[in-house]
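Notes follow the structure.
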Amino acid sequence: MVPTKLRVAVIGAGAAGLCAARHIIASSGTFAPPVVFEASDRLGGTWIYTEEKEDAMGRIIHSSMYRDLSSNGKLRRSGPSRGMQTALVAGKSQPQCSTQSQPGKSQSTLMLSWSAPGRLLHSHSYRYPEPFANQSVVLVGAGPSGVDLALQLSSVAAQVVLSHKRQHVCGLPKDVIQMPPLLKVGQKTVVFTDGSKMPADVLILCTGYKYSFPFLDLAQLGLQETDYGMGPLYQHLLPPQHPSLFLIGVCQQICPFPHFHCQVLFALAVLSGRCSLPSVADMEAEVQKQLGLYLKNGGLARYFLKLKEQQWSYMDNLAHLAGFPPVPPAVQQIYEDTHASRLCNVSTYRSRNYRLLGPSAWELVQDWSENCIKTGDTK
1 MVPTKLRVAV IGAGAAGLCA ARHIIASSGT FAPPVVFEAS DRLGGTWIYT EEKEDAMGRI
61 IHSSMYRDLS SNGKLRRSGP SRGMQTALVA GKSQPQCSTQ SQPGKSQSTL MLSWSAPGRL
121 LHSHSYRYPE PFANQSVVLV GAGPSGVDLA LQLSSVAAQV VLSHKRQHVC GLPKDVIQMP
181 PLLKVGQKTV VFTDGSKMPA DVLILCTGYK YSFPFLDLAQ LGLQETDYGM GPLYQHLLPP
241 QHPSLFLIGV CQQICPFPHF HCQVLFALAV LSGRCSLPSV ADMEAEVQKQ LGLYLKNGGL
301 ARYFLKLKEQ QWSYMDNLAH LAGFPPVPPA VQQIYEDTHA SRLCNVSTYR SRNYRLLGPS
361 AWELVQDWSE NCIKTGDTK
């Protein structure tokens with residue numbers, strides 16, 4: 001008798017979902033071709049650019065892509081991969097299963113007095129700078145979106161103010177004014193924590209996102225809402241009481257594509273039996289142990305999923321447990337070099353391009369030509 005292959009459903013056809021589908025197809029000896037459920041009619045998730053705010057069914061578009069996003073990576077156009085027969089289930093004829101990322105709420109209490117004719121929006125709804133020409137714009141938050149929007153809007157807006165609680169952002173145009181966090185807002189006026197006031201025609205919240213999974217019954221899965229989202233999730237991935245469900249990519253401040261790669265390979269190793277899990281009690285205890293250690297070292301519970309520099313040991317541990325090759329050291333080195341360059345100058349760091357020479361070797365090139373200006377090698 002031919003053994004039955006495992007069937008895996010993938011919810012979401014963004015970067016994480018496509019990574020999962022790819023690895024499932026590559027393991028055709030163990031897994032049947034997956035079915036990918038996607039709420040929209042296109043592949044790519046948040047990487048899809050559209051100027052629409054809602055789809056044909058009235059649902060909020062989940063892409064936050066803006067028109068002028070720039071990258072130092074090559075765009076490769078290709079058709080369907082050989083053997084890529086995965087079904088994409090979307091549209092009105094199928095049940096809609098989707099994750100949702102809601103705009104962050106950290107500044108919501110300050111916005112109660114914001115009124116017309118001032119304009120209020122979240123960076124999720126921003127697409128291009130032209131509608132903000134000759135206006136005074138206040139951006140709340142200096143994460144990637146806040147900084148990107150400051151760079152774009154400075155060329156058209158009458159004034160751009162970046163309000164945040166971080167250290168001074170280096171490399172912004174001179175006409176971008178950096179201010180402390182907001183204290184309160186009024187009619188087209190904002191007040192900062194240092195007592196200063198500034199006019200504002202537009203207030204854009206670059207305050208991040210809160211994930212929700214409306215198709216999951218948390219109590220049935222042995223999960224509950226927490227300060228950092230929901231838990232317990234063993235290895236930030238799976239509910240101990242239901243180890244056939246994996247939530248890929250809920251961690252934050254990570255290098256996303258290698259992260260998805262490692263999480264998916266770990267999940268498939270568990271499903272195939274190549275990686276054995278501890279008991280339910282031991283998995284739950286491990287999550288509490290890790291959270292307790294994080295809090296003891298001064299971390300805040302709401303930031304538990306922000307891995308930052310811990311992401312590399314996390315991915316190495318998944319590779320060790322599941323028996324797949326770890327992420328090459330050069331990937332971490334390039335990521336950290338890019339991060340350091342961004343801290344030095346947010347306007348120019350994207351001009352740095354890299355070429356991998358081996359698992360632990362890379363070179364920094366001025367552009368995609370052969371003009372090499374630096375070499376990194378840890379061999």
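Throughout the sequence shown, residue numbering follows the UniProt record's numbering, covering 1 to 379 in sequence. For glycine and all other residues, C-beta sits at the position ideal for the given N, C-alpha and C. Here the structure is a predicted model, which means the values were calculated and not measured.
- Under the three-state reduction of DSSP output, Arg355 falls in the strand class.
- DSSP, read as helix, strand or coil, puts Thr226 in strand.
- Selection Gln178, Ala32, Pro258 and Glu284 evaluated against Gly222 yields Glu284 as nearest (Cα-Cα).
- A distance of 7 Å or more separates the beta carbons of Pro173 and Ser145.
- CA-CA distance, Ser313 to Ala269, rounds to 19 Å.
- Apart from the 5 residues on each side of it in sequence, Ala32 sits with its Cβ closer than 6 Å to the Cβ of Lys5 and Arg7 in its chain, given in chain order.
- Across the structure, Leu364 and Thr348 are spaced so that their CA atoms are roughly 14 Å apart.
- Distance from the CA of Leu307 to the CA of Leu277, rounded to the nearest whole angstrom, comes to 22 Å.
- Measuring C-alpha to C-alpha distances from Val176 to each of Trp47, Val137, Leu203 and Phe257 identifies Val137 as the nearest.
- The Cβ atoms of Leu300 and Cys262 do not sit closer than 7 Å to each other.
- Residue state for Ser341 is assigned as helix, using DSSP reduced to three classes.
- Where Val138 is concerned, the enclosing beta strand (DSSP E) starts and stops at Ser136 to Val140.
- With 16 or more other Cβ atoms inside 10 Å of its own Cβ, Gly141 counts as buried.
- C-alpha of Leu293 to C-alpha of Val169: approximately 31 Å in a straight line.
- If you ignore the 5 residues before and after Arg166, its C-beta comes within less than 7 Å of the C-beta of Ala142, all in its own chain and listed in chain order.
- The alpha-carbon of Cys275 is positioned some 50 Å away from that of Met179.
- For Lys174, DSSP records no beta bridge to any residue.
- For Trp312, the uninterrupted alpha helix (DSSP H) run begins and ends at Gln311 to Ala322, by DSSP.
- In chain order, Tyr228, Gly229, His236, Val250, Cys251 and Gln252 place their CB closer than 7 Å to the CB of Leu305, counting only its own chain and leaving out the 5 sequence neighbours on each side.
- For Lys188, no alpha helix (DSSP H) encloses it, and the DSSP letter there is neither H nor E.
- The residues Pro258 and Met315, in chain order, have a CB closer than 6 Å to that of Val327 in the same chain once the five nearest residues on each side in sequence are set aside.
- Excluding its 5 nearest sequence neighbours in each direction, Thr189 has C-beta neighbours in its own chain below 8 Å: Lys197, Met198, Pro199 and Ala200, listed in chain order.
- For Pro199, the uninterrupted beta strand (DSSP E) run begins and ends at Lys197 to Pro199, by DSSP.
- Residues of the same chain with a CB within less than 7 Å of the CB of Ala150, apart from the 5 flanking positions on each side, are Leu139, Val160, Leu162, Leu172 and Val176 in chain order.
- Taking the CA atoms as reference points, His122 sits about 37 Å from Glu286.
- Tyr234 and Lys289 have their C-alpha atoms roughly 11 Å apart.
- At the C-beta level, Val35 and Ala16 stay beyond 7 Å of one another.
- Counting other Cβ atoms within 10 Å of its Cβ, Asp217 stays below 16 and is therefore classed as exposed.
- For Gln252, the secondary structure class from DSSP, reduced to helix, strand or coil, is strand.
- Taken through DSSP and simplified to helix, strand or coil, His164 comes out as coil.
- A straight line joining the alpha-carbon of Leu321 with that of Ser27 spans about 18 Å.
- For the pair Phe246 and Ala267, the CB atoms are nearer than the 7 Å cut-off.
- Put simply, the backbone Cα of Ser272 is about 32 Å away from that of Ile48.
- Beta-bridge pairing by DSSP links Gly292 to no other residue.
- In the structure shown, Val365 falls within a strand segment according to DSSP collapsed to helix, strand and coil.
- With fewer than 16 other Cβ atoms inside 10 Å of its own Cβ, Thr193 counts as exposed.
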